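In the numbering used here, the protein residues as written are 1 to 497. Reading through the structure tokens given below for one structure.
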Amino acid sequence: MNFWLPLLVLATSLVAALFIFTLPEERHALRGSFNLLAAVVKIALVGWMIIAVANQQTFETRFTLMGDIDFVLRADALSLLFAGLSSLLWLFTTIYAMGYLEGTPQRSRFFGFFSLCVASTMGVSMAGNLFTFLIFFEMLTLSTYPLVVHKGSAEALRAGRTYLFYTIGGGVALLVGIASLHALVGHTEFVETGVLRDVSPDLYPALTAIFVLLIAGLGVKAAIVPLHGWLPAAMVAPAPVSALLHAVAVVKAGAFGVVRVIYNVFGVEFSYQLGVLVPLAAVASFTIIWGSIQALRQSDIKKRLAFSTVSQVSYIILGLSLFGPIGTMGGLVHLLHQGIMKVTLFFCAGIFAETLGITRIRDLNGVGKRMPLTSAAFTIGAFGMIGIPPVAGFISKWYLGWGAMEAGLHWVLGVLLVSSLLNAAYFLPVIYRLWFARPAPEWPDEQIPAGRFETNPWLLLPTVITAAFSLGAGVFAAAAWSPLSWAELIAVREYLS
Numbered sequence: 001m002n003f004w005l006p007l008l009v010l011a012t013s014l015v016a017a018l019f020i021f022t023l024p025e026e027r028h029a030l031r032g033s034f035n036l037l038a039a040v041v042k043i044a045l046v047g048w049m050i051i052a053v054a055n056q057q058t059f060e061t062r063f064t065l066m067g068d069i070d071f072v073l074r075a076d077a078l079s080l081l082f083a084g085l086s087s088l089l090w091l092f093t094t095i096y097a098m099g100y101l102e103g104t105p106q107r108s109r110f111f112g113f114f115s116l117c118v119a120s121t122m123g124v125s126m127a128g129n130l131f132t133f134l135i136f137f138e139m140l141t142l143s144t145y146p147l148v149v150h151k152g153s154a155e156a157l158r159a160g161r162t163y164l165f166y167t168i169g170g171g172v173a174l175l176v177g178i179a180s181l182h183a184l185v186g187h188t189e190f191v192e193t194g195v196l197r198d199v200s201p202d203l204y205p206a207l208t209a210i211f212v213l214l215i216a217g218l219g220v221k222a223a224i225v226p227l228h229g230w231l232p233a234a235m236v237a238p239a240p241v242s243a244l245l246h247a248v249a250v251v252k253a254g255a256f257g258v259v260r261v262i263y264n265v266f267g268v269e270f271s272y273q274l275g276v277l278v279p280l281a282a283v284a285s286f287t288i289i290w291g292s293i294q295a296l297r298q299s300d301i302k303k304r305l306a307f308s309t310v311s312q313v314s315y316i317i318l319g320l321s322l323f324g325p326i327g328t329m330g331g332l333v334h335l336l337h338q339g340i341m342k343v344t345l346f347f348c349a350g351i352f353a354e355t356l357g358i359t360r361i362r363d364l365n366g367v368g369k370r371m372p373l374t375s376a377a378f379t380i381g382a383f384g385m386i387g388i389p390p391v392a393g394f395i396s397k398w399y400l401g402w403g404a405m406e407a408g409l410h411w412v413l414g415v416l417l418v419s420s421l422l423n424a425a426y427f428l429p430v431i432y433r434l435w436f437a438r439p440a441p442e443w444p445d446e447q448i449p450a451g452r453f454e455t456n457p458w459l460l461l462p463t464v465i466t467a468a469f470s471l472g473a474g475v476f477a478a479a480a481w482s483p484l485s486w487a488e489l490i491a492v493r494e495y496l497s
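Next comes the structure, spelled out in structure tokens:
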């Protein structure tokens, strides 16, 4: 079973995708039921592996393809951090998408590619070497493109071209980096503490150049400035796709790839010896501040959230660049925390648009009285992004600041302070409008009149649950089963093994 379980986890979404593609458009109930069943089965399988890996069990699927190149799927503590996030949020995003797309055409196509996207994400999370990682990383590009252009409008097609331009360019850089590394050292397995720490110093210049290539290739999906241009453009996609891009799949895959390169290929100690971590921390810090400034300038809700993602994902990379276990914990736990909080915010943005026709911040005046649960969920997510306790984002920023002090990089505290002030500057006015501003005489385009539920329950339920998770991950951060505890497990194995 240890050989087959990674394949079964991957197969849940692959089989779902193939089955959904074959369904006639009118088979709504069957398509929805199969989607939900696949999501629940995936969560159960990933949960099984999480318990086993915590108890030192291993799961690996390996096939030799040619020479010394293997296709490897492996479930370790780091892979399950990302797989757990993806599988959990897939369930909630699926429920939300079923309500959001109700009555629209091409749902079989949408949910088929939606499942392929999640399959690619699971492959990225469980890849055991750079070759396998590249396969699923590029599969993710191809499976998300149809979702970005799903509306078929001129704006959507233009956004799709921008998305492909950036991500294929990043894929080429990643391919060149992986091929160069394989030609130089051969072995590119993901191993705790890395595989390059015993190489000859003569290779250091070449390895530094390869590190830059790999980070640049991954940095496109991670939306590191100036490689971020595709992300705001992709906001033309439906709200479930935006949530998928920002919280579940694409952006997180890029950030997760950076984690793998630093910790499981180069190794954090060797990366420090090469002198690449401080420059990477500087790039991440610039991205954090720049993304926040750009978010402050946006009047469209989804675009403000998009630039917020540009900023927030670089907290993960900043934490990885702080040489020490505390900074590592802050970066890794933010991968989970940011995903939960950001999916909540995009769910809320979709509800505002679908229920009341609101897409611009200025039209949110008084929405809290009309939609109290949705507005409360948005408030929790926004407080978390700012770093206000007890929401999960506070835990991330606390450990990032602590890690910066431990590493002697005191300037990082300034970055965290300035970015938090900027987060407050672009989120607090939105919260004020929701709860305290006088509402307009009528909403821009009210589709669902006020009644027993403030909106479609299929939209509201996952939004409230992910908001509760955002709060619970902060309140119960010290619990043995919390995201922080799992991040601590990874950091201990990285630094003490």
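C-beta atoms are modelled at their ideal positions from N, C-alpha and C, and glycine is treated no differently. Since the structure is predicted, the reported quantities are computational estimates derived from the model, not experimental observations.
Buried or exposed, going by whether 16 or more other CB atoms sit within 10 Å of the CB of Pro205?
Counting Cβ neighbours within 10 Å, Pro205 comes out exposed, since fewer than 16 surround it.
Using a 10 Å radius around the Cβ and a threshold of 16 neighbouring Cβ atoms, would you call Asp76 buried or exposed?
Buried, because 16 or more other Cβ atoms sit within 10 Å of the Cβ of Asp76.
Output the distance between the C-alpha atoms of Gly569 and Ala243, rounded to the nearest integer angstrom.
The structure shown does not extend to residue 569, since the chain is modelled only from 1 through 497, so no value can be given for it.
Give the straight-line distance between the Cα atoms of Val172 and Ile395, rounded to the nearest whole angstrom.
The straight-line gap from Cα to Cα measures roughly 36 angstroms.
Please work out which residues of its chain come closer than 6 angstroms, Cβ to Cβ, to Ile316, disregarding the five sequence neighbours upstream and downstream, and give them in chain order.
Counting only Cβ-Cβ distances below 6 angstroms, and skipping sequence neighbours, we find Ala255, Gly331, His334, Leu335.
Please return the same chain residues whose Cβ sits closer than 7 angstroms to the Cβ of Leu30, not counting the five positions on each side in sequence.
Around Leu30: Leu23.
With DSSP as the reference, label Ile69 as helix, strand or coil.
Three-state DSSP puts Ile69 in a strand.
Please say whether Gly170 and Lys221 have beta carbons closer to each other than 8 angstroms?
The answer is yes: Cβ separation under 8 angstroms.
Three Cβ pairs or more, each shorter than 8 angstroms: is that satisfied between the segment 292-311 and the segment 228-242?
As far as the Cβ criterion goes, the segment 292-311 touches the segment 228-242, which means the pair count is three or higher.
What residue from Phe352, Gly123, Glu155, Gly357 has the CA that sits closest to Ala376's CA?
It is Phe352 whose Cα lies nearest to the Cα of Ala376.
Three-state secondary structure (DSSP) at Glu189?
Correct three-state label for Glu189: strand.
Near Gln447, which residues of its chain fall below 8 angstroms by C-beta distance, leaving aside the five closest residues on each side in sequence?
Once the five neighbours on either side are set aside, the close Cβ partners of Gln447 are Glu354, Thr355, Leu356, Gly357.
What are the start and end residues of the alpha helix (DSSP H) that includes Ile51?
Residues 28-54.
Measuring CA to CA, which of Leu296, Gly177, Glu26, Leu280 is closest to Gly217?
Nearest of Leu296, Gly177, Glu26, Leu280 to Gly217, Cα basis: Gly177.
Using three-state DSSP, classify Arg438 as helix, strand or coil.
Correct three-state label for Arg438: coil.
Rounded to whole angstroms, what's the CA-CA distance from Leu434 to Ile95? Just pull it up for me.
When rounded, the distance between both Cα atoms is 25 angstroms.
Would His213 pass as a contact of Ala223 if the rule is Cβ separation under 8 angstroms?
At residue 213 the sequence reads Leu, which differs from the His that was named. Not closer than 8 angstroms, so no.
How far does the alpha helix (DSSP H) with Gln447 in it extend, from its first residue to its last?
From DSSP, Gln447 is part of no alpha helix (DSSP H); its letter is neither H nor E.
In this structure, does DSSP put Asn423 in helix, strand or coil?
Looking at Asn423 - three-state DSSP - the assignment turns out to be helix.
What's the C-alpha gap between Leu147 and Phe114?
Going from the Cα of Leu147 to the Cα of Phe114 covers about 7 angstroms.
I'd like the span of the alpha helix (DSSP H) that includes Pro6, first residue to last.
Residues 5-22.
Are the segment 44-60 and the segment 68-86 in contact at 8 angstroms, needing three or more beta carbon pairs?
Touching, per the Cβ criterion.
What does the alpha-carbon distance come out to for the pair Leu280 and Phe307?
Taking the straight line from one Cα to the other gives about 20 angstroms.
Where does Phe110 sit, in a helix, a strand or coil, going by DSSP?
In the structure shown, Phe110 sits in a helix (DSSP, three-state: H, G or I).
Is the beta carbon of Leu134 closer than 8 angstroms to that of Leu174?
The answer is yes: Cβ separation under 8 angstroms.
Report the option in Met385, Val464, His182, Phe136 whose CA atom is closest to the CA atom of Leu14.
Closest option to Leu14, Cα to Cα, is Phe136.
If you compare alpha carbons, which of His337, Ala404, Ile380, Val418 is closest to Thr287?
For the residues His337, Ala404, Ile380, Val418, the minimum Cα distance to Thr287 belongs to Val418.
Counting Cβ pairs, one atom from each stretch, are 3 or more of them under 8 angstroms apart for the segment 380-387 and the segment 338-346?
A contact exists between the segment 380-387 and the segment 338-346.
Give me, in chain order, the residues of the same chain whose beta-carbon lies closer than 7 angstroms to that of Val250; leave out the 5 immediate sequence neighbours on both sides.
Result list for Val250: Leu140, Thr144, Lys221, in chain order.
Does DSSP classify Arg74 as helix, strand or coil?
Looking at Arg74 - three-state DSSP - the assignment turns out to be strand.
Below 8 angstroms, can you find three or more Cβ-Cβ pairs linking the segment 458-474 to the segment 83-101?
These segments touch.
For Met385, which residues of its own chain have a beta-carbon under 7 angstroms away from its beta-carbon, when the five flanking residues on both sides are left out?
Cβ within range, chain order: Ser308, Gln312, Met341, Gly393, Asn423, Phe427.
Helix or strand or just coil, what does DSSP make of Leu379?
According to the sequence shown, residue 379 is Thr rather than Leu. Of the three classes helix, strand and coil, the one that applies to Thr379 here is helix, per DSSP.
Quick check on Val278: buried or exposed, where buried means 16 or more other Cβ atoms within 10 Å of its Cβ?
Flag for Val278 reads exposed.
For Asn129, write down the residues that DSSP places opposite it in a beta bridge.
DSSP output for Asn129 lists Glu189 as bridge partner(s).
Mapping DSSP to helix, strand and coil, what is Glu138?
Helix, per DSSP.
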